[in-house]
Structures are given as structure tokens and as C-alpha cells.
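Going line by line, the protein sequences match chains E and C. The first sequence begins at 26 in the numbering used here and counts up by one. The second sequence begins at 234 in the numbering used here and counts up by one.
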Amino acid sequence: MLRFENVGIRYGMGAEILRDVSFHLEPGSFHFLTGASGTGKTSLLKLMYMARRPSRGWITMFGQDLVHLPRTKLPEIRRRVGVVFQDFRLINHLSAFDNVALPLVIAGARRDDYREDVEELLTWVGLGERLDAKPPTLSGGEQQRVAIARAVVAKPDLLLADEPTGNVDPKIGQRLMRLFIELNKLGASVVIATHDDSLVRKIAAPVLSLENGTLIKRPSSAKGA
Amino acid sequence: MLMSLPQVTALANKIKDILNRKAGLQSKGTRIVPANDATNRPLLGVIAIMCYFAALAGESVLMINRAVDEWTSGLSSAITIQVRPVAGDTALSLDTQIGELLKIVRAAPGVTRVQELSRRDTEKLLEPWLGAGNILDELPIPRLIDVQIDRAHPPEMELLSLNISRIAPNAKLNDHAQWNDRILIFANFLRGLAFGILILTIITTITIVLFATRAGLTAKHEIVEVLHLTGAHDAFIAREFEKQFMSLGLRAGLLAIAAALLTFLLFSGLISRYANAEIYFLPTPDLYFSDFLLLLLIPLGAALVATLTTRVTVLRVIGRTL
Ligand SMILES: Nc1ncnc2c1ncn2[C@@H]1O[C@H](COP(=O)(O)OP(=O)(O)OP(=O)(O)O)[C@@H](O)[C@H]1O
Ligand SMILES: [Mg+2]
């Protein structure tokens, strides 16, 4: 479903921050992406949600060659990918509801068709009372939950979450992880970038670890896995 | 016919509502890409001024056309024969010549009515220049024959001219063609000028909207990026910007035609108050219903120009991103 082969990443003319990255994600798989701060977790995810192209190597996703895909074909693929950005990237003048509804609006859905889904989802992440709140009036953790709801609302085939529990307490964090697990059960592949070791230890899932400028795939470190 | 400012605003708001209805957002009246009121208000003013110039230029063309029609339709169905008295001509021999002329002209095919202008008529014509009085006795004033012709089947001018000069060597046939041509040259120049102004206002509007769209794209680049990454097509993003500028163009155009209508009401008021026979060359500045329809093209045209400019600009700029 997603395959990287000898991928390199570099910004501008600088040295490659990651090189020879090769891995393969099965449909319906669940992975953590770990690595110290600044090792390139966000950069790797950017390749997956097509915000950048690799400096070399091949990436195929949903059977398409991402490196050579014309940009007119990108929207169809991006719609199958849900992203929780590390910096949320909510639209400040839109309500929490409209932010969450955005992927559906972009896909051409009508308000009457998605209203219940969006409300239900926001209630699940604990924001049922704040549907009309604008992101700047929400706390960091609340904004993060809006961002997560937006990422999962269109039931993507691939979910990419960059530090999705960085700003919330462990209890809400667990609840949010449940959301990802449910989505995963529905068949979506999930990749969660984090440096929260306790999270990685709690859930039995293989780990993509960034070390020494490249990617190493490790089995789950969860107890009993 | 004239819309008050509140009416214009109400109409603009209605159009805004209609535009927003399509975006499937929960909160009505909210746009994914918000308009920047601080920059859009001066923009509205400048585009409204452009539209106002365009309205004046368009209305001028209509008035020129109407004036040309009025002038030339009177002239082209009439020709004049001028008989100048020369030394030795007595009033009697001149009368005989005129009598003969009337006869042959009347007999010519294509002539519908022939009449010599009486002394009184000629005097009247000359009065503004020479003052009232018994002018004819002191001055060798030419005698004039007014000939109405059938415009569909006009007489053979050269033959008529030849026949006339055989009878009266000093007679001159004047078919006003030259005068007509001069009016047309002048009118065409004015029409060209108005058309040029129209083109310039369109170019200026395009330039203004282009820069505003670029600035908007820069200011909203974060939103644009999120939309892209969420799977929006370029056209979707372009449409979000288009809505802004379409409504801007519409509102500017409506303001402009309100101002243009005021201007013409003022102009026609002035003319009907101060004009008299002496400035008969001024065209009648009545506003016709067809003119009003033409003015309505201005907000539509402004909206179209703004929309297309925005679309092309947005597509070009974001086409360079991934
Ligand atoms: N736009 C950019 N231009 C140049 N260098 C960049 C850019 N974005 C990231 N980098 C560099 O790439 C490296 C990896 O950054 P990245 O954001 O991918 O790290 P990360 O693993 O996500 O870190 P964190 O855990 O702190 O989020 C860093 O050294 C960073 O300085
Ligand atoms: Mg990061």
C-alpha cells in the first residue's frame, strides 16, 4: 500500500537528513514512528502526505508512483490520507465544526449529509460543547483534538499523526488513541510519530525508528507483544 | 430607476448570500478563504471608479451615436442650390434663372420637394450673424433653393449639377456630403476615444485585481496549503478566491452605475434648463431604457473581469507549488 525504496530527504542544497529509507506498509497496519527531536519524523511524514518530493528514491502509494505523479492527480490520493499536523494547521476563522468538516466539504459533501458525523466525532473527542468555537479560543490540547477529528472524519485509508498526544493529559491521550485503533480496525493503515515512549510501550505495534540518519524497522516493544 | 445606496448594499449582500450557499459550511456567511476587509475596501473604491469611467465612456458613445443620427438624417435627405448674384445681374434676371432652375430640378427624378427660401427665411438665417434689418438690399446675398430628395432613390447628382450650371453658371449644388463626412470623422474619433477609455479601464481593473489576488494568496498561503494537503483541486481553491473578487466587482459596478446615473440626470437637468435653439448641436441626453440595460452590463462585466483575473492568477501561482 505504501512503499519507500532508498528514499533520501534534503532541504534545499543541504546534506540529506535521511538517506536510504526503505520500508513497506501493509493495508490495515499500525506503526509508530520514533526518533529523537530533529531526526526527521515530520520530514518523513511530509513525503507521505505529498507536501514534498524526495531528493532521490521511489515512493509508491495506493499503487501509484508518487515521485512522477503529475500534480493534477495528487488531490485524489491526498483525499485518501488523513493527517494530524504537528502544528495542527487549523483554519483560525472557521469554527471547530467547520474545521473538522473541511475534508468533507472539499470532497463535495453536503452539509446535511455530514452534520451528524462531525458532531458525533467532536463529541467523542470531548468537544461536543465547543462546536462553534474558533481555534484561537481553544487550548492547545483542544486544538489538537479538533485536528485529530479533522484527520479521521473522511475515514482515510492512511492516517498519519505527528505527535497527536503531545498536548493532552494521559486520559484523553488514551481516548484519542482509541480513535486511531478504531480507524485501524476499519482497515486504515496508521502511522503515529511520537517520542512518547509510554505510548509506544502501551500498544503492541511495530516501530519505525529513525536512527543515524536512516530508518530501522523494529518489532513491537510493548509488554507481552 | 436609480438605486439608493442602501438598496445597492442590500443587493450586494443578497449576491453574497447566494455565493456562500454553495460552500457547504455550517456557519452561513463564512468562507473558507476570508475576504480581507482592510485591503478590499480601498480596492472596492478603485474598481468602482474604473467602472464609473467605463459607464461614462459607454454612455458617451450612445449619445454620440444619437447625435450623429439626428444631424445626418436631416442633412442627407436635403440638398441646397445656391445661386450667387454676380455683377450685372439684376434682380429680374436672377428671378428668371431661379424660375428655370425650379422647373428642371422639380422635373428631375428622385426629387420630392423643391422650394426657394423666401427672403424672410434667408434673412432669418443670417440674422444671428448680421443682425436684423433690410440686409438683402445692401449685400449680394445668395438665393437658396431647398431640395428634398428621396433617400432611397436619390437623383443623379452630377447630371443635375451640369443641368443647373447650364442655366445659371453661378449656381452651386451642395449635397452636404462633405459636411456629413466631417461629422462622421469627428464622431468616429470620439467613439474611438470612448472605446480606448473602456479598454484602459479594463486593463487597469485586471492589474488591480491581479495584484490584490497575489497579495491575498500570500496572506492566505497557510490556508491554501491546508486545502491542498486535504485534497482540494486547484480549481476549488481558485473558486474560493473568485467568490471574493466576483462580489467585489459586482458591488463596485453597482456603485458605479448609481454614480453614472446621477451624473446623467444632472447633465440632462442642466441641458433642459439652459439649452435653447442656440445650442441645438448638443445631443439630447435622455436616458433610454436600453441605456439602462447597457449600464447593467458594467457590474456584470466587472464581476467577470475580476473573476477571470483571479482564476488565472490563482491557478498560475499555485500551479507552481506541489
Ligand atoms: N523547512 C525546512 N528547511 C530546512 N530544514 C528543515 C526544514 N524542516 C526541517 N528541517 C530540518 O530537518 C531536520 C528534521 O526536522 P523534522 O521536523 O523532520 O524533525 P522531527 O523528527 O519531526 O523533530 P520533532 O520531534 O522535534 O518534531 C531538522 O534538523 C530540521 O532543522
Ligand atoms: Mg516533528
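Built from N, CA and C at the ideal position, the CB exists for glycine as well.
C:Gly464 belongs to the set of residues whose beta carbon lies under 8 Å from a beta carbon in chain E. The closest CA to that of C:Leu526, considering only C:Ala539, C:Glu292 and C:Ala243, is found on C:Glu292. For the 8 Å CB-CB criterion, C:Ile280 and C:Ala493 do not form a contact. A direct Cα-Cα distance of roughly 31 Å separates C:Leu392 from C:Glu356.
Chain order gives the chain C residues near E:Met75 as Leu462 and Leu555, where near means a beta carbon separation below 8 Å. For C:Phe474, no CB of chain E lies under 8 Å from its own CB, so it is not counted at the interface with that chain.
Counting only the Cα atoms, E:Leu91 lies some 15 Å from E:Leu50. Taken in chain order, the complete alpha helix (DSSP H) segments of 4 or more residues contained in the segment 176-243 of chain E are 195-210 and 222-227. For C:Lys405, the secondary structure class from DSSP, reduced to helix, strand or coil, is strand. Two segments are said to touch when three or more pairs of C-beta atoms, one from each, lie closer than 8 Å; by this definition the segment 338-348 of chain C touches the segment 378-385 of chain C. In the three-state DSSP reduction, C:Glu356 falls in the helix class (H, G or I). Of all residues in the segment 434-460 of chain C, only Glu455, Ile456, Glu458, Val459 and Leu460 come within less than 9 Å of chain E when Cβ atoms are compared, listed by chain position.
From the beta-carbon of C:Pro267, the residues of chain E found nearer than 8 Å are His118. For a cut-off of 8 Å, the C-beta gap from E:Val232 to E:Val225 is around 6 Å, short enough to register as a contact. Along the length of the segment 136-172 of chain E, whole beta strand (DSSP E) runs at least 3 residues long do not occur. Using a Cβ-Cβ cut-off of 8 Å, C:Thr263 counts as an interface residue toward chain E, since at least one Cβ of chain E sits closer than that to its own. Counting other Cβ atoms within 10 Å of its Cβ, C:Met296 reaches 16 or more and is therefore classed as buried.
Around E:Ala132, the beta-carbon contacts reaching into chain C at under 8 Å are Gly464. Checking the 7 Å criterion, the Cβ of E:Thr67 is within range of a heavy atom belonging to ligand 2. For E:Thr190, the CB stays at least 7 Å from every heavy atom of ligand 1. At a cut-off of 8 Å between beta-carbon atoms, C:Phe469 makes contact with chain E. E:Arg103 is classed as buried because its beta carbon has at least 16 other beta carbons within 10 Å across all chains shown.
Between E:Phe205 and E:Ala218, the CB-CB gap reaches or exceeds 8 Å. Looking at the DSSP output, E:Leu27 shares a beta bridge with E:Leu50 and E:Met86. Here C:Gln315 is exposed. Its C-beta has fewer than 16 other C-beta atoms within 10 Å.
Contact between the segment 82-91 of chain E and the segment 144-160 of chain E is not established, with fewer than three Cβ pairs separated by less than 8 Å.
Between the C-alpha atoms of C:Ala404 and C:Glu303 there is a straight-line separation of about 28 Å. For C:Ile265, the closest C-alpha among the options E:Gly238, E:Val130 and E:Ser54 is that of E:Val130. With its beta carbon at least 8 Å from every one in chain C, E:Arg44 lies outside the interface. In this structure, the straight-line span from the alpha carbon of C:Arg415 to that of C:Ile312 is close to 16 Å.
Flagged as an interface residue toward chain C: E:Val108, by a C-beta distance shorter than 8 Å.
Approximately 17 Å separates the beta-carbon atoms of E:Asn124 and E:Val193; this is outside 8 Å, ruling out the contact.
Three or more Cβ pairs closer than 8 Å define a contact, and the segment 46-66 of chain E meets that threshold against the segment 207-214 of chain E.
Closer than 7 Å to some heavy atom of ligand 1: that does not describe the Cβ of C:Gly449. With a cutoff of 7 Å, E:Gln169 does not count as near ligand 2, since its C-beta is closer than that to no heavy atom of the ligand. For E:Arg96, the nearest CB of chain C lies under 8 Å from its own CB, placing it at the interface with that chain.
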